[in-house]
Amino acid sequence: MAFELPPLPYDYSALEPYIDTQTMHLHHDKHHAAYVTNLNNAVHNTAFASMSVDDLVRQISKVPDNICTTVQNNAGGHANHSLFWQIIKPNGGGQPTVELASAIQQAFGSFDQFRVAFNDTGVKRFGSGWVWLVLDPGDKRSVTSTANQDSPLMTRLLPRVPEPPPRLSRRVVECRQLGRNCQVIRPGAQELEQNHRRLEGHEQ
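Numbering-wise, this note's numbering comes out as the position in the sequence shown, counting from 1, plus 151.
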């Protein structure tokens, strides 16, 4: 079964004025769609074509050398963006609640200290990449960064999707494919518009 581009869970104009309709069409319909197309072409007629994208990313070390870089770039891009569309939403943001708030308090001391750690990690990411709040196999939460379209699943870290999913929309997965260092992440959504306007081409 071929990998498919997931539909946006909201209208293309839903994030205006922070992300305009044209940017959303470009980023979803062109950039993300290209990751899906490239991935399907790379794994065609292989056992990897029947995996879920998350399972494929987890097992990236098993992909043959001749297609590994292409699969890593495009499976990672597909997986990361699929999560990204779920985390951002109209009128999202704000502090987390319930279980996630308690976990952040335990791991970082406070939500403000988590934001400092998250922002600092983003600023230090050279070039293109993502910043993540993750859960490691020892059930420890931490902030980490991956380059380009790499996913923490490639190193057995689990990205934490807040409950409800969009609660950390401007913070958990905001270090985008910028072709530059990420800027400090603040509670508002203005940074999303600025970052997406600076998007460059995607990997082949």
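Ideal placement from N, C-alpha and C gives every residue a C-beta, glycine not left out.
Run of the alpha helix (DSSP H) containing residue i, from where it starts to where it stops
i	result
ALA193	184-194
ARG292	Not the alpha helix (DSSP H): ARG292 falls in the beta strand (DSSP E), residues 292-298.
ASP171	Careful: ASP171 lies outside any alpha helix (DSSP H) and carries neither H nor E.
ASP205	204-209
Pair within 8 Å by beta-carbon distance, residue i and residue j
i	j	result
VAL208	SER302	yes
VAL282	SER296	yes
ALA226	LEU190	yes
LYS240	TYR161	yes
TRP236	PRO168	no
THR163	HIS182	According to the sequence displayed, residue 163 carries Tyr and not Thr. The answer is no: Cβ separation not under 8 Å.
VAL222	ILE238	no
ASN224	ASN299	yes
Contact test: residue i Cβ vs the ligand MN heavy atom, cutoff 7 Å
i	result
GLY228	The ligand MN is not part of the structure shown, which contains no ligands of any sort.
Inter-residue spacing [alpha-carbon to alpha-carbon] between residue i and residue j
i	j	result
VAL267	VAL294	10 Å
CYS326	PHE277	Bear in mind that the predicted position of CYS326 carries a pLDDT of just 36, short of 50, making it unreliable; the figure below should be weighed with that in mind. Going by the C-alpha atoms only, they are around 11 Å apart.
PHE154	ASP205	11 Å
ARG199	THR220	Note on identity: in this sequence residue 199 is Phe, with Arg being the wrong assignment. Going by the C-alpha atoms only, they are around 14 Å apart.
GLY260	HIS179	36 Å
MET152	VAL194	11 Å
ASP171	ALA184	18 Å
MET202	ASN196	12 Å
LEU304	ARG292	14 Å
GLN246	GLN257	15 Å
THR174	ASN242	18 Å
LEU286	GLY244	21 Å
THR306	PRO288	10 Å
LEU284	ASP290	12 Å
CB contact check: residue i to chain C, cutoff 8 Å
i	result
LEU284	Given the protein chain composition of this structure (a single chain), no chain C is represented.
For the pair the region 251-261 and the region 213-228, tell me if three or more CB-CB distances fall below 8 Å. With a cut-off of 8 Å, the region 213-228 and the region 251-261 do not count as touching, because too few Cβ pairs lie within range.
- With contact counted as at least three CB pairs below 8 Å, one residue from each stretch, are the region 215-235 and the region 256-276 in contact? No, the region 215-235 does not touch the region 256-276.
Ignoring anything shorter than 4 residues, give me the alpha helix (DSSP H) runs that lie fully in the region 214-279, in order along the chain. DSSP runs (the alpha helix (DSSP H)) wholly in the region 214-279: 216-238, 249-259, 262-275.
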